[in-house]
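Engineer: Before I ask anything, here is the structure I am working with.
There are 2 protein chains.
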Amino acid sequence: MNKKSYGKVNEDLDKERKKCTFNTTELTHLIEGGEEKTKERRELEDFFLSDPELNDIGAAGEYTSHVEKYQEAIRKSCILFKKIQDWQSYKNCGSSVDMYQSQSSNNLVNNNSKQVSNDSVTENELAKNKQYMVNIYLEYRSILGGTLGSAIMKDGMPFVVHYVMFIPALVGQGTLQQQAYWISRAWNCEIICTYAQTELGHGTFIRGLETTSTYDPATEEFVLHSPTLTSYKWWPGGLGHTANYALVMAQLYTNGVCHGIHPFVVQLRDEETHMPMPGIKIGEIGAKLGMNGTNNGYLGFDHVRIPRDQMLMKNAQVLKDGTYQKSPGDKLAYGTMIFVRVAVVRGVAASYLAKAVTIATRYSAVRRQSELKPGAREPQILDYRTQQYKLFPAIATSIAMFFSAKWLWDIYNTVTHELDEGRLEQLPELHAMACCLKAVCTADAAVAIEECRRSCGGHGYMTCSNFPATYGMVTAAETYEGENTVLYLQTARYLVKCWHLTKSSELPATVQYLRKATSRRKPWINSLHCLAEAFEQVAAGLVEVSASKIDVCSKKGMAPEDAWNSAAIQLVESAEAHCRSFKLNTFINVIETNRDLSPELRKVLTQLCELYAVFWVLKKVGNFLMYSNIRKEDVKSLQDWQYALLISIRPNTVGIVDSLGVGEEILGSALGAWDGKVYERLFDASNESPLNKKPVDDSFHKYMKPFLKSNL
Amino acid sequence: MNKKSYGKVNEDLDKERKKCTFNTTELTHLIEGGEEKTKERRELEDFFLSDPELNDIGAAGEYTSHVEKYQEAIRKSCILFKKIQDWQSYKNCGSSVDMYQSQSSNNLVNNNSKQVSNDSVTENELAKNKQYMVNIYLEYRSILGGTLGSAIMKDGMPFVVHYVMFIPALVGQGTLQQQAYWISRAWNCEIICTYAQTELGHGTFIRGLETTSTYDPATEEFVLHSPTLTSYKWWPGGLGHTANYALVMAQLYTNGVCHGIHPFVVQLRDEETHMPMPGIKIGEIGAKLGMNGTNNGYLGFDHVRIPRDQMLMKNAQVLKDGTYQKSPGDKLAYGTMIFVRVAVVRGVAASYLAKAVTIATRYSAVRRQSELKPGAREPQILDYRTQQYKLFPAIATSIAMFFSAKWLWDIYNTVTHELDEGRLEQLPELHAMACCLKAVCTADAAVAIEECRRSCGGHGYMTCSNFPATYGMVTAAETYEGENTVLYLQTARYLVKCWHLTKSSELPATVQYLRKATSRRKPWINSLHCLAEAFEQVAAGLVEVSASKIDVCSKKGMAPEDAWNSAAIQLVESAEAHCRSFKLNTFINVIETNRDLSPELRKVLTQLCELYAVFWVLKKVGNFLMYSNIRKEDVKSLQDWQYALLISIRPNTVGIVDSLGVGEEILGSALGAWDGKVYERLFDASNESPLNKKPVDDSFHKYMKPFLKSNL
């Protein structure tokens, strides 16, 4: 990001800000969860982004080679992680590191004699420990995940999995002794770790993984092996050339029996020389659409031996003689899986979409094009109804995502506490909502980001617009941590199950509508509550249709799996509709329960909420005509309502995106900068290209001139 | 593309091919327009792709720096263009070059004394000339545009505009003398040219361009100038460091009067040193989402003088004393503009989508994942209904595009002939169809390519899948050569105009349905003809709604432009619906008029056509419930029909994509290769990364080790 000052703010943008009718700070606080949260976030951003070492090369990274990109990512990562430790000391007086260090010494654990013994560890200690980790982890998340990290390294970071997956997995699956040893080393960055699960031939279906870990009681070791090419680990971030340890998921064999997937800590590279350990075949998987800073890698094992105590044994143990003992509950691992999806909704989908709408809206206020009135000045493109139709629903969607993400985070915390107390009731509901929210939010964000990019015409195609990297990050999240179609079907499975219970038992809050929705048939009026009801009717209608389709197929004698597969298209649609209905209700709820909202902000939020709803009704009007109390003759009035909303929102659009609070470095866009100096920044960005450093490139003399002259 | 042989074809893929029920060659010929066309295309591909110099680095290009990428693009372009000349000599015995060379000498035109005189040039000669150019140009198009070029340079080529825009523009706008001189030089590649129209601050709205060209009768020169930063030319391909001449569009001023936009040939760089000419400020615009091989550039003028005869004067002249004379007709320029859109429908949208569906389908036949039946082998993902729903409509769409592209090309040729005879009747219809087909086809292709990519899970995100470059190329076409929303609105303007004529006069073929569609209300049956009628009813209904909205607003006293803007969202939807209806009718027409189709192929094509139609009905079912004779109770039977079509198409899917005839080098994908050796190719592709050439990257010693050790 160019930090040069371009003088006064663009006049059009300045005018837009002056005509804003509400207090943008109030909206910022509401979105972020309070004034304190905004302050904290700003403090964090200032701490990291004011460091010239972390914010030095800016856009020029896209011109370097793949190897140079990697080296720069490592250089910056080292600086960043040192700085994270500084931040921790500054905020927590080093308590986190201290705690693990003292535990390490108390337990007399050292590199050569690690002992697995659960004797001295109570469940209570584990739970406390876990909560403590989650709190610290949250700070890491706000640094590494979401937007701050993307300001420092646009194309991903090779150390992230170390914190985001290795440490949480250790907490979830290691004994306290294992935690003490490994987390202490990881936390201090003595080692850099990754998490290796997915294989070249196996993704979603964990039971299909092929890597084996066979216990050898003679030496008290596990032997890790990759029996086929398709069993190579593939994708883990930082695995290529960065990590020296990995948590590897493998099929456990002991005494000739396969016990399924278990976690093993495996050393990949020598700590001094970084050379791959014997039997370790390792490298990076190559160039990708985006995230080229993450050093995703592959990993094959040729009979690699590790000590027995490097199997994580909180949930299951292999004794010295090879006896396999399963521990009673492994719900915590389930909780960890959900966690990443919860984090993606806010940290990726909502945050990156917020960037995109900010860039596109500011650009549309500055850009003038074509002719609305003959002879008049070219209008701001933000005044075209088609442009408003591209941007305003995306803005409303972004805000709806923030509110849903907050709900999801809150219920995640509640359920985690309940799990610690052994209560499992809310887990299926949380799981169902995390699945569909991750899927809908990443998919909507990806579509909307591309719409925003195209709405900026050719300039959106420039790397310096920051749309390409933004899209690359978000579309990756449509696939990782649960491919979206698979997640929709998981939510749908829950919905169909609930559907069958509507007559017999009480339903959880998010699905209670299944009972009543289809029976309500009132005349349509244009109101938020009528819209909310209609969304529920559509979701319920689609669930009903899918469930009946499955029933009909089953009655015809189809196997349950085939019956399920035959309804899969409608099932996906049901889960999506369920999620949209949830998002609308959550949005409405925020407006209605925040009683101290100023009337000005309440008005703007209501407009955005209405637009979110009306936009989706018209987008999916077929479903609404089929399953809700909307009739054909209502459609025109909905179109008029949408039209009126676009007009009402227009004067506040720049104010609304300003409220999303995306800072300059995080935005990282020539088109979206606060000052609106679009053309100056585009021009300066073009001159960062190394090709522009010389008037004539060497290739002219080497190739072109001989070619041109050969034709004379 | 890895040319290594991996032995036998993957077993699953082999089985798929064996169960295909129709002759894939028959479909290939139908799509390409006959056996002869397929033969020609293959001959062309063999000629170019068998050259090891043109097909040498393969995927490794993505690991190099920006400058290296450019230099490689220049190196290859020089080889390629030499080879194109060889091809021309081989096919045409050099006639094209000869013709222009003899004209040059006949007219005694040389570098120092170019004379503009139209005296000896008849209209007839110009027309003949033009047709001749178009024929030759077509061959260039099949080499440079579409898929062959992308096999040689995945990320675009810096010389393309020279052929694709400079030469055609000279044909359309230069006098015969100007053509003789400039085309001869361009054709022989003595000079490399580009076409500079778009400016940093001005795109679609040509009248808004700011670059000025002011005639100075004292020296008989034009003075080109860029009065502002926003007036810099921005985007032309090859402008950055490659071209030494450009055709520049500028506001012509003579005797103090502005006459609007006119074309001027301007020398940019010295022919010997390639240094920018005095007053020329030039460079590339920087990194982009894709097409980083095209060297798009910027260009500013500081009072740059050019001789009077470098204004192209076929359509308007400036005499020595500065007198401005407009020639009667400039329809040909209009024709040239349409031409590029016509080319994009087949060469970009249909061809690139064909690549994507081929890759995704073959991968889905090879990839096995999850569990349909407990205990059974993981199924091919092609057997999941959700996967079929992602891929099969995309396949049908790709085939529909090829047929519509053929229609568009035929009518383009007809209209061009008519224009030469001074007949203009069909031009508005051609223009309207070219606009909406370019918009719908590029937009549908972009969406479908991304759907195909995601359907391949994480592996689709790899550069070696070739999805990222494919998407980058196609999504660019959504914006260039007429931004899609602007194009939809141009078609809509034509539709509204025709709508008002329904009662009074005969309508052209493509809009005749406007008269009858809304009055037909028959009971629904599931048949192609009912579907086709329904599509027309929807298009007509949407046009009617838009037209009424404009009328109502106008009657309320709104200015015509505001009334238009207020209906813009519906107008876009009308144009889209019109286009989809057209595409369906064209598809049906191909099936019905090709009487010698084998019954097997006819069956498969009918299934694909039905799927195309049913998919879009269900996707936009709201519009069909609103405006067609489909009723709510028909929707379930349409869903069942769609379901049945997915099942019917399933056994032939691999055969169908094989018929699209995309060769290995053109496909360029580890996931989509003919042999289905997906995992072997992915693994080998990863090892093309230069990071994998050494076990330990230097950054470990330089950055990581000091960091890891500092924490001990």
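These protein sequence lines map, in sequence, to chains A and B. Sequential numbering of the first sequence, starting at 1, is according to UniProt numbering. Sequential numbering of the second sequence, starting at 1, is according to UniProt numbering. For every residue, glycine included, the Cβ atom is placed at its ideal position computed from N, Cα and C.
Hey, quick one: how far does the beta strand (DSSP E) through B:Ala246 stretch, first residue to last?
Structural biologist: Per DSSP, B:Ala246 belongs to the beta strand (DSSP E) from Tyr245 to Thr254.
Engineer: Would you mind telling me which residues of chain B sit closer than 8 Å to A:Cys464, beta carbon to beta carbon, in chain order?
Structural biologist: The contacting residues are Gly286 and Ala287.
Engineer: Is A:Phe615 helix, strand or coil when you go by DSSP?
Structural biologist: Three-state result, A:Phe615: helix.
Engineer: Classify B:Pro374: buried if its beta carbon has 16 or more other beta carbons within 10 angstroms, exposed otherwise.
Structural biologist: So B:Pro374 counts as exposed.
Engineer: On the three-state DSSP scale, how would you describe A:Met626?
Structural biologist: In the structure shown, A:Met626 sits in a helix (DSSP, three-state: H, G or I).
Engineer: Strictly below 7 Å CB to CB, what residues from chain A border B:Val67?
Structural biologist: Within chain A, the residues near B:Val67 are Pro690 and Leu691.
Engineer: State yes or no: is the beta carbon of A:Arg515 nearer than 8 Å to at least one beta carbon in chain B?
Structural biologist: Answer no: the Cβ-Cβ gap between A:Arg515 and chain B never drops below 8 Å.
Engineer: Taking B:Gly75 as the query, report the chain A residues whose CB atoms sit under 8 Å from its CB, ordered along the chain.
Structural biologist: It is worth fixing the name first, because residue 75 of chain B is Arg in this sequence and not Gly. Neighbours of B:Arg75 on chain A, chain order: Ser699, Lys702 and Tyr703.
Engineer: With 16 other CB atoms within 10 Å as the buried threshold, where does A:Lys15 fall?
Structural biologist: A:Lys15 comes out exposed.
Engineer: Less than 8 Å between the beta carbons of B:Phe81 and A:Leu229, yes or no?
Structural biologist: It is not a contact, given that the beta carbons lie outside the stated cut-off.
Engineer: In whole angstroms, give me the CA-to-CA distance for B:Gly557 and B:Glu544.
Structural biologist: Rounded to whole angstroms, B:Gly557 to B:Glu544 spans 20 Å at the Cα level.
Engineer: In this structure, how does DSSP classify B:Gly283 when only helix, strand and coil are distinguished?
Structural biologist: Here B:Gly283 sits in strand by DSSP.
Engineer: What are the uninterrupted segments assigned as beta strand (DSSP E) that are 3 or more residues long and contained completely in the region 298-349 of chain B, given in chain order?
Structural biologist: You should have 304-307, 316-318 and 324-326.
Engineer: Which residue comes first and which comes last in the alpha helix (DSSP H) that contains A:Gly541?
Structural biologist: Leu528 to Lys555 is the span of the alpha helix (DSSP H), which, as asked, contains A:Gly541.
Engineer: Quick check: A:Thr194 and A:His162, are their CB atoms within less than 8 Å of each other?
Structural biologist: For A:Thr194 and A:His162, yes; Cβs fall inside 8 Å.
Engineer: Using CA atoms only, rank isn't needed, just tell me which of B:Ala356, B:Ser65, B:Thr147 and B:Tyr90 is closest to B:Arg41.
Structural biologist: Among B:Ala356, B:Ser65, B:Thr147 and B:Tyr90, the Cα nearest to that of B:Arg41 belongs to B:Thr147.
Engineer: For A:Val171, report the span of its alpha helix (DSSP H) as first-last.
Structural biologist: Note, A:Val171: alpha helix (DSSP H), Ile167 to Gln173.
Engineer: List, in order along the chain, the chain B residues whose C-beta lies closer than 9 Å to that of A:Trp235?
Structural biologist: Residues of chain B passing the Cβ test: Gly458.
Engineer: Please tell me whether B:Leu252 and B:Ser226 are closer than 8 Å, where the distance is taken between their beta carbons.
Structural biologist: Going by C-beta atoms, B:Leu252 is not nearer than 8 Å to B:Ser226.
Engineer: How big is the Cα-Cα spacing for A:Met165 and A:Pro523?
Structural biologist: C-alpha separation (whole angstroms): 51 Å.
Engineer: For B:Tyr90, is the classification buried or exposed, using 16 other Cβ atoms within 10 angstroms of its Cβ as the cut-off for buried?
Structural biologist: Exposed: under 16 other Cβ atoms inside 10 Å.
Engineer: Would you list, in sequence order, the uninterrupted alpha helix (DSSP H) runs of no fewer than 4 residues that lie entirely inside the region 636-664 of chain A?
Structural biologist: List check, alpha helix (DSSP H) in window: 653-659.
Engineer: Is any beta-carbon of chain A found at less than 8 Å from that of B:Thr442?
Structural biologist: For B:Thr442, the answer is no, since every Cβ of chain A falls outside 8 Å of its Cβ.
Engineer: Taking the alpha-carbon positions, what's the A:Leu708 to B:Cys189 distance?
Structural biologist: Each residue's Cα considered, the two are about 6 Å apart.
Engineer: I believe residue 753 of chain B touches B:Gly661 by the beta-carbon criterion, under 8 Å. Please report the beta-carbon distance rounded to the nearest angstrom.
Structural biologist: With chain B covering 1 to 712 only, the question about residue 753 of chain B has no answer from this structure.
Engineer: Shorter than 7 Å, the distance from the beta carbon of A:Met626 to the closest heavy atom of the ligand SAM, or not?
Structural biologist: This structure lacks the ligand SAM, and indeed carries no ligand of any kind.
Engineer: In terms of residue numbering, what span does the beta strand (DSSP E) encompassing B:Glu221 cover?
Structural biologist: Per DSSP, B:Glu221 belongs to the beta strand (DSSP E) from Glu221 to His225.
Engineer: Can at least three beta-carbon pairs, one atom from the region 667-681 of chain B and one from the region 6-15 of chain B, be found at a separation below 8 Å?
Structural biologist: Touching, per the Cβ criterion.
Engineer: Can you look up B:Phe22 in the DSSP assignment and give me helix, strand or coil?
Structural biologist: Coil, per DSSP.
Engineer: Which value, in whole angstroms, describes the spacing of the CA atoms of B:Lys314 and B:Gln179?
Structural biologist: Roughly 10 Å separates the two Cα atoms.
Engineer: Just to check my reading of the structure: A:His241 and A:Asn292 have Cβ atoms closer than 8 Å, yes? What is that Cβ distance to the nearest angstrom?
Structural biologist: Between A:Asn292 and A:His241 the Cβ distance is about 13 Å, and since that is not below 8 Å, they are no contact.
Engineer: What do you get for B:Ser327, buried or exposed, if any count of 16 or more other CB atoms within 10 angstroms of its CB means buried?
Structural biologist: Burial call: exposed.
Engineer: Would you say B:Tyr70 reaches chain A, if we count a Cβ-Cβ gap shorter than 8 Å as a contact?
Structural biologist: Yes, its Cβ sits closer than 8 Å to a Cβ of chain A.
Engineer: Answer yes or no: do A:Tyr232 and A:Phe222 have a C-beta to C-beta separation smaller than 8 Å?
Structural biologist: No, they are not a contact pair.
Engineer: Any idea what DSSP makes of B:Glu53, helix, strand or coil?
Structural biologist: B:Glu53 falls in the coil class under three-state DSSP.
Engineer: With contact counted as at least three CB pairs below 8 Å, one residue from each stretch, are the region 65-79 of chain B and the region 692-702 of chain A in contact?
Structural biologist: At 8 Å Cβ cutoff, the stretches touch.
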